[in-house]
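Working notes, beginning with the structure itself.
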Amino acid sequence: MNGTMNIIKTSMLNALRRRWKLALVVFLFGVGLVIFTHAYDMTALEDVRISGTPVGADGGEPTPEEVEAMARRAGMFVLFALLAAAFAFGTILFAFLMPGGMVANEQRSGAIMLWAQHPMPLRSFYLRRYAGVQIATVAALAIFGLTGAVAALSPGGGSPTGVGGAVNLCLTGVLACAISFAITALGVRRAALFGMLYFVLSGTVEGVQVTSSEMGRNPETWSAGEAVGGVLPFLIFPSRVIDDLVAGFGAGAAWDWGATGLVLYHFALWTGIAWLGLLRIEKRPLKL
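Taking the numbering used here, the leading residue of the sequence shown gets 2, the next gets one more, and so forth.
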């Protein structure tokens, strides 16, 4: 038991030591959002329209002062959007990078043979290290999520769902970490890069599916489209499913047990893939 806890603790501290600079940058983006939403009324900024004809306070042509004020609000909105995008991207990138090349790099360098000589099976050893990394990831994500919640719940944040947003961020990051670890457990280097590609492609496919549903389908291809649409949630990153799950945190909202089960399925799926990858590597630690 002590050996297991030591492995988990060492792995957790090592992960934090490797990624603390990136974590600090993401946290500072979050702090920037908090400051921004406290300094400016975001509900007013969201009404800004970059395109279109400006309208003055009296409904006629705006005065030079009104044009200047509109341009200033537009600039503030762009800055806020950039901060929010950097915070969101930094969070998901951090989660994918946390496992690093834990398995694949050590297999390629031959360092894995040091662990293979240990009486503990390689599967158990790496799964314990992964548990430490996941704990470190959750701790960092909790801080990011609370920072985002403070920004969302601020007087100018314009959002009453700060807690739900924090949970959304944590669930997304935990699953991203699991995917990255599964990829490296398969012996694939640059797991974070492939994980990010999977995340981006999943969002693209999901967006195309939603657009197709809104525009309607040809009756002749309806059955095929429905079949593909029914399978996709089990294959792509469940961003929309996580949104449905955290919507249950809203006042009076019904809990979506289907979304809960689907999120658990994805976590179990990638954990199972990691286990199978480690089992294969355990039989042949070095690539010959």
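Note that beta-carbon positions come from the ideal geometry of N, C-alpha and C, so glycine has one too.
Asn7 and Ser203 have their C-alpha atoms roughly 37 angstroms apart. Of all alpha-carbon atoms in Thr272, Gly231, Ala105 and Met13, the one lying nearest the alpha-carbon of Val139 is that of Met13. Under the three-state reduction of DSSP, Leu287 is assigned to coil, being neither helix nor strand. Residue environment for Leu246: buried (at least 16 other C-beta atoms within 10 angstroms of its C-beta). Rounded to whole angstroms, the separation of the alpha carbons of Tyr41 and Gly231 is 43 angstroms. Under the DSSP assignment, Arg241 falls in the alpha helix (DSSP H) whose first and last residues are Ser240 to Val247. The region 232-240 and the region 258-268 touch, with three or more beta-carbon pairs separated by less than 8 angstroms. Of the candidates Leu287, Tyr199 and Ile184, Ile184 places its Cα closest to the Cα of Pro100.
Under the three-state reduction of DSSP output, Leu128 falls in the helix class. Under the three-state reduction of DSSP, Met99 is assigned to coil, being neither helix nor strand. The beta carbon of Val27 is closer than 7 angstroms to those of Phe88, Gly91, Thr92, Phe95 and Phe145 in its chain, skipping five residues each way along the sequence. Membership of Gly111 in any alpha helix (DSSP H) is not indicated, and neither H nor E is assigned to it by DSSP. Per the coordinates, the alpha-carbon of Trp258 lies some 34 angstroms from the alpha-carbon of Thr5. If you check the CB distance, Ile282 and Leu123 come in under 8 angstroms. The beta carbon of Val35 sits closer than 8 angstroms to those of Thr148, Val151, Ala152 and Ser155, all from its chain and outside the five residues before and after it, given in chain order.
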